[in-house]
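Visitor: Going by this note's numbering, the first residue of the sequence shown is number -17, and it counts up by one from there. This structure is in structure tokens; I'll ask about it shortly.
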Amino acid sequence: MYAVPLAEGAELCPLEPWQAEEFFAHMERARANTDPWIPWATRSTDLESARATLQGYADRQAADSGRIFGIRLDGTLVGGVMFVHFDAAAGVCEIGAWVEKAGEGRGLISAAVRRLIDWALVERGLHKVEWWNSSGNARSRAVAQRMGMHHDGTMREHMLYQGVRQDYEVWSVLAPEWRAAGGGRERG
């Protein structure tokens, strides 16, 4: 229905349940990058579960509590971003992202995350955007740092995932900080 340009040949667009077949094929290609870090990715193991993942986000979008978007490179789904949690009343949301190998190293995740932060803080008027990552996920941490987020703290052994208790880092940017830094302008 619509797409937002991210870079040459790349765009950000909604992901919806009717796209489950394409989403599942993408998850199969992305599994090595996603399974170590993203719980819902490990549950999208066939067409039915991939559709359920997308339906869950469609339901959350209808309730204004979450959304999911795909990143397409030359027409192929190579990654995505989502509002993991979105609480307009509290003024807080959490953004997450993933990418398959074909989309790495092109700045697509940073461009897409920047768009979501702008939308949340500027257009929707939220106060705070959070980014949570496993302490072992250096690439995810780097995204938070590129966005100018502050490390709020680390929750030790916060989540049991794939049989291992993982520490989780929480990063955030506040609306006044984002605006003072120029909003969606390119950051280091």
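All C-beta atoms in this analysis are idealised placements derived from N, C-alpha and C, irrespective of residue type, glycine included.
By the 10 Å Cβ neighbour count, where 16 or more other Cβ atoms means buried, how is residue 39 classified, buried or exposed?
Guide: Counting from 1 along the sequence shown, the entry for residue 39 is found at position 57. Taking all protein chains shown into account, residue 39 has 16 or more neighbouring C-beta atoms within 10 Å of its C-beta and is therefore buried.
Visitor: Considering just the uninterrupted stretch of the alpha helix (DSSP H) at residue 92, what are its terminal residues?
Guide: Sequence index remark: in the sequence shown, residue 92 carries index 110 (1-based). Taken as a continuous stretch (DSSP letters only), the alpha helix (DSSP H) holding residue 92 covers 90 to 100.
Visitor: Count the CB pairs spanning the stretch 49 to 58 and the stretch -9 to 3 that are closer than 8 Å, and state whether there are at least three.
Guide: yes
Visitor: Any idea which residues DSSP pairs residue -4 with across the strands?
Guide: The sequence position of residue -4 within the sequence shown is 14, counting from 1. Note: residue -4 sits in a beta bridge opposite 51.
Visitor: Determine the DSSP secondary structure at residue 115, reduced to helix, strand or coil.
Guide: Position 133 of the sequence shown holds residue 115. Three-state DSSP puts residue 115 in a strand.
Visitor: How big is the Cα-Cα spacing for residue -12 and residue 70?
Guide: As a position in the sequence shown, residue -12 is number 6, starting the count at 1. As a position in the sequence shown, residue 70 is number 88, starting the count at 1. If you take the alpha carbons of residue -12 and residue 70, they lie about 25 Å apart.
Visitor: Between residue 57 and the rest of its own chain, which residues show a CB-CB distance below 8 Å, the 5 nearest in sequence each way excluded?
Guide: Start at 1 with the first residue of the sequence shown, and residue 57 comes out as number 75. Counting only Cβ-Cβ distances below 8 Å, and skipping sequence neighbours, we find nothing.
Visitor: Using the beta-carbon count (16 or more within 10 Å), is residue 169 buried or exposed?
Guide: Reading the sequence shown from its first residue, position 187 is the one you call residue 169. The predicted model places residue 169 with a pLDDT of 42, which falls under 50 and marks its position as unreliable, so this point remains unresolved.
Visitor: Work out the CA separation of residue 80 and residue 15 for me, nearest whole Å.
Guide: In the sequence shown, the residue the question calls residue 15 occupies position 33. In the sequence shown, the residue the question calls residue 80 occupies position 98. Roughly 8 Å separates the two Cα atoms.
Visitor: Determine the extent of the alpha helix (DSSP H) in which residue 36 is found, giving its start and end residues.
Guide: Sequence index remark: in the sequence shown, residue 36 carries index 54 (1-based). Unbroken alpha helix (DSSP H) run through residue 36: 29 to 44.
Visitor: Quick one: residues in its chain with C-beta nearer than 8 Å to the C-beta of residue 28, no 5 flanking neighbours on either side, listed in chain order?
Guide: Taking the sequence shown and counting its residues from 1, one reaches residue 28 at position 46. Taking residue 28 as the centre and dropping the five residues before and after it, the same chain places the C-beta of 6 closer than 8 Å to its C-beta, in chain order.
Visitor: Give me whichever residues DSSP pairs with residue 59 in a beta bridge.
Guide: Walking along the sequence shown from the start, residue 59 turns up at place 77. DSSP, once it has assigned bridges, lists 54 as partnering residue 59.
Visitor: Taking contact to mean at least 3 C-beta pairs separated by less than 8 Å, is the stretch 118 to 134 in contact with the stretch 83 to 92?
Guide: Inter-segment contact for the stretch 118 to 134 and the stretch 83 to 92 is present: three or more beta-carbon pairs are separated by less than 8 Å.
Visitor: Excluding five sequence neighbours on each side, which residues of the same chain lie with their C-beta closer than 7 Å to the C-beta of residue 103?
Guide: Position 121 of the sequence shown, counted from the first residue, corresponds to residue 103. Same-chain partners within the cutoff: 111, 157 and 160.
Visitor: Which same chain residues, not among the five before or five after residue 154, have their C-beta less than 8 Å away from its C-beta?
Guide: For the purposes of this step, residue 154 is taken as residue 172 along the sequence shown, with counting starting at 1. 110, 111, 112, 113, 131, 132 and 134, listed in sequence order.
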